[in-house]
Amino acid sequence: MTSKKLVNTVAGCADEALAGLVACNPNLQLLHGHRVALRSDLDSLKGRVALLSGGGSGHEPAHAGFIGKGMLTGVIAGAVFTSPAVGSILAAIRAVAQAGTVGTLLIVKNYTGDRLNFGLAREQARAEGIPVEMVVIGDDSAFTVLKKAGRRGLCGTVLIHKVAGALAEAGMGLEEITNRVSAVAKAMGTLGVSLSSCSVPGSRPTFELSPDEVELGLGIHGEAGVRRIKMASANEIVTLMLDHMTASSSVSRVPVQSGSSVVLMVNNLGGLSFLELGIIADAAVRTLEGRGVKIARALVSTFMTALEMPGISLTLLLVDEPLLKLIDAETTASAWPNVAKVSVTGRKRSRAAPAEPLEAPVSTVAGGLTSKRVVLVLERVCTTLLGLEEHLNALDRAAGDGDCGTTHSRAARAIQGWLKEGPPPASPAQLLSKLSLLLLEKMGGSSGARPSHSRPRLTYQPGVLPWMPAWRPCRSTGRLLQGTGPCWIPCGQQDRSSKPGKAQGPICCKF
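Quick note on full-length UniProt numbering: the sequence shown kicks off at 1 and runs consecutively.
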């Protein structure tokens with residue numbers, strides 16, 4: 001069964017995707033009759049080196065998202081996961097040559113089709129008298145032994161776009177740029193991992209994984225990796241990836257060691273949530289710094305994808321100060337992240353929180369519950385809530401976002417942790433005050449705010465009337481309407497209207 005895709009036609013998806021990018025970016029233009037995007041200010045490049053790259057579509061934002069001042073001059077795109085045609089590559093070379101550039105550098109990922117087609121276009125352009133050079137990028141660190149085809153071109157190619165773009169913007173010549181980026185490409189490596197495969201529009205997924213497996217060392221075209229491993233935590237997977245990338249026995253290792261300075265790229269392969277991306281980035285930074293590696297820059301974004309693949313790749317580039325300045329150079333490319341020119345390692349990452357105001361002492365209530373009884377009751381409540389987590393989530397999914405059980409379980413765990421710190425107050429007023437602050441801090445969501453919204457001094461009065469002053473701010477700031485959400489409001493109104501001496505209505509509460 002083919003996967004669902006938001007496309008108009010399978011045959012036209014690559015053209016329409018590129019057209020959409022150009023339509024929304026006034027700095028880009030299409031080359032008529034070709035799947036080629038170019039800078040709209042080509043005339044400003046007179047006397048400078050042009051940079052062209054490309055390959056199959058499906059890797060967005062690579063490569064067209066990196067067109068701009070300080071990066072690529074243009075991109076030639078093929079169909080999804082298919083190398084672009086020689087004629088389109090040659091047309092792009094001619095277009096930048098006619099704009100007055102002094103030469104063109106082709107930046108190509110190491111795949112057979114790309115090497116052949118870009119290589120043929122280079123030879124034809126040279127035959128026409130156009131100076132053209134080509135660098136082939138292979139940054140894959142998956143294979144530990146040398147393969148005939150060499151290392152595959154992965155996300156590290158984007159760093160080469162950046163370095164070459166900065167050199168071209170500085171007015172460097174074609175030969176010097178070619179030599180510099182070729183050297184840089186040898187000092188980096190990339191490794192990917194994915195939770196499942198991807199699928200080309202109109203096709204089935206390229207491989208299958210069981211629910212407890214992840215694919216290590218896969219490419220960007222849905223091809224299988226070097227091995228499958230059991231699903232593990234983010235910390236464990238990142239550690240495994242970095243171990244694999246830097247293993248001394250691997251021919252594709254990145255020679256990173258304690259004291260090395262690196263640029264770290266954390267790349268979303270297409271379908272990973274940004275929540276997970278942040279967790280992976282944190283794990284990578286902690287692991288590298290724990291090994292004595294200095295992270296000069298950390299680039300965390302979606303750079304080069306494999307359609308909707310839910311995975312990540314890590315890229316390490318060894319840098320010195322001159323190379324770091326090229327990474328930091330300004331660019332107008334829309335997909336390049338705005339990163340501060342400050343080292344990640346050594347930077348202060350937190351500041352002290354403001355001190356909490358001292359609470360006035362609360363008088364105890366005579367005959368209050370003992371701490372021992374309070375502990376037993378709270379432990380029973382917490383255990384019950386934890387046991388009902390999935391049941392409450394299921395009920396909530398029928399009308400909400402399905403997190404009611406998770407939210408209350410988070411509160412239960414927070415209370416359990418608080419109970420371990422010492423005996424709770426015996427005074428009901430103090431106990432409720434402490435619990436409200438704890439829920440406000442740890443529970444989250446509207447459920448955490450409701451019991452904590454207002455903390456007037458508690459007075460003994462049966463019924464729900466004492467709760468109403470605390471509920472009114474929730475109703476106003478939370479915009480709660482009668483008949484929606486928790487049922488305290490109508491019950492409270494009913495009780496407030498009850499005459500003295502008459503039985504009050506029942507307290508209804510919907511979680």
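A virtual CB, placed ideally from N, CA and C, is assigned to each residue, including glycine.
Computed from a prediction, not measured in an experiment: that's the story for all the values here.
Residue i - partner residues in DSSP beta bridges
i	result
Thr287	DSSP output for Thr287 lists no bridge partner at all.
Arg227	Leu216
Ala298	Leu264
Leu106	Leu52, Met134
Pro205	Ser199
Ala77	Gly55
Gly270	Met309
Ser72	The identity of residue 72 in the sequence shown is Leu, whereas the question assumes Ser. DSSP, once it has assigned bridges, lists Ile67 as partnering Leu72.
C-alpha gap between residue i and residue j, whole angstroms
i	j	result
Ala352	Leu191	37 Å
Ala429	Lys348	40 Å
Ser3	Glu321	46 Å
Ile130	Gly150	29 Å
Ala296	Ser273	25 Å
Ser260	Val254	11 Å
Gly70	Leu105	14 Å
Val285	Trp336	20 Å
Arg356	Leu437	It should be noted that the sequence gives Glu, not Arg, for residue 356. Their Cα atoms are separated by approximately 11 Å.
Val163	Ile229	35 Å
His244	Gly189	11 Å
Gly311	Thr157	18 Å
Leu6	Ala85	25 Å
Thr246	Val256	6 Å
Val22	Gln29	6 Å
Gly202	Ser313	26 Å
Ala19	Ser40	14 Å
Val365	Trp418	With a pLDDT of 46 at Val365, under the threshold of 50, the modelled position of this residue cannot be trusted, and the question is left open.
Gln416	Ala426	17 Å
Gly270	Gly278	14 Å
Asp212	Asn235	16 Å
Ala224	Lys434	54 Å
Leu90	Ile137	20 Å
residue 512	Phe81	Lying before the first or after the last residue shown, residue 512 is absent from the chain, which here runs from 1 to 511.
Leu378	Thr407	17 Å
First and last residue of the uninterrupted alpha helix (DSSP H) at residue i
i	result
Ala412	404-420
Gly387	371-387
Leu431	428-442
Val251	No alpha helix (DSSP H) holds Val251; DSSP gives it neither H nor E.
Val238	234-246
Ser88	86-98
Glu321	321-328
Segment limits, beta strand (DSSP E) that includes residue i
i	result
Gly192	188-194
Leu317	311-318
Sequence-distant residues of its chain with Cβ nearer than 7 Å to residue i (five each side left out)
i	result
Val226	Ala142, Phe143, Leu216, Gly217
Asp114	Gly55, Ser83, Val108
Ile220	His59, Leu154, Met304, Ala306
Asp140	Arg151, Arg152, Leu154, Thr190, Ser252
Ile177	Val49, Leu105, Ala164, Leu167, Ala168
Arg126	Val132
Leu388	Gly405
Ser497	At Ser497, the pLDDT of 46 sits below 50, so the modelled position is not reliable; the number obtained from the coordinates is stated separately. None.
Ile280	Ala234, Val238, Val266, Ile312
Neighbourhood of residue i by C-beta, 8 Å cutoff - its chain only, sequence neighbours within 5 removed
i	result
Ser258	Arg291, Gly292, Val293
Ser197	Pro205, Thr206, Phe207, Glu208, Leu209, Glu215, Gly222, Met309
Thr9	none
Val251	Phe143, Thr144, Val145, Leu146
Glu390	Gly405
residue 547	Nothing can be reported for residue 547: it is not among the residues displayed for the chain, which extend from 1 to 511.
Ser409	Leu385, Leu386, Glu389
Own chain partners of residue i with C-beta closer than 6 Å, once the 5 adjacent residues on each side are dropped
i	result
Asp396	Gly402, Cys404
His63	Ser53, Gly54, Val75
Ala97	Ile130
Val319	Ser261, Val263, Ala296
Pro61	Ala335
Gly103	Val49, Pro131, Leu174
Ser182	Val135
Gly65	Ser334, Ala335
Thr287	Val238, Thr239, Leu242
Which runs of the beta strand (DSSP E) at least 3 residues long sit entirely within the segment 108-173? Give them in chain order.
132-137
So within the segment 20-67, which uninterrupted beta strand (DSSP E) runs reach at least 3 residues, ignoring any that extend past its ends?
28-30, 36-39, 49-57
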